[in-house]
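Read the structure below first, then the notes.
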Amino acid sequence: MGLFFVFLGMVGLLRMPDVYNRLHTTTKIGTLGAFGVMISLFVRVGLEPIGIKALTLGLFLMLTAPIAAHMIGRAAFHHGISVSYGERVIDDYKDACESEECTESEK
């Protein structure tokens, strides 16, 4: 199951137009793909030490990968990497930074 998510994520990585969409697909690879592999290892070996380590690592990835992806996306936005504008793009963060709600460090 985990390898299925890795495959779909790689297809998405090749098809996505900009860094933000690619970041979304690679986060899915890191979280769902790796977590699926870790869960299958845990099911295979059970409560052995390697199974507990696999489960712990999977949970750690589920908690930290979205945070890391958010920080990478935010850094890309602050460095001026543009969004691939299609038909519908709502950039709430840009609108907030143009008003007075944004601090100087966030601009």
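Residue numbers (this note's numbering): 9 to 115. Beta carbons: idealized from backbone N, C-alpha and C, even for Gly.
Please classify Leu67 as buried or exposed, where buried requires at least 16 neighbouring CB atoms within 10 angstroms.
Within a 10 Å sphere around the beta-carbon of Leu67 sit fewer than 16 other beta-carbons, which makes this residue exposed.
Taking C-alpha atoms, which residue in Gly88, Asn29, Met9, Lys36 lies nearest to Ala73?
Comparing Cα positions, the closest option is Lys36.
How far does the alpha helix (DSSP H) with Thr72 in it extend, from its first residue to its last?
First-last of the alpha helix (DSSP H) with Thr72: 57-86.
With contact counted as at least three CB pairs below 8 Å, one residue from each stretch, are the region 71-91 and the region 48-56 in contact?
The region 71-91 makes no contact with the region 48-56; the number of CB pairs closer than 8 Å stays below 3.
Span separating the alpha-carbon of Tyr28 from that of Thr39:
Rounded to the nearest angstrom, the two C-alpha atoms are 17 Å apart.
Closest residue to Leu11 among Ala42, Gly88, Val53 (Cα-Cα distance)
With distances taken between Cα atoms, Leu11 lies closest to Ala42.
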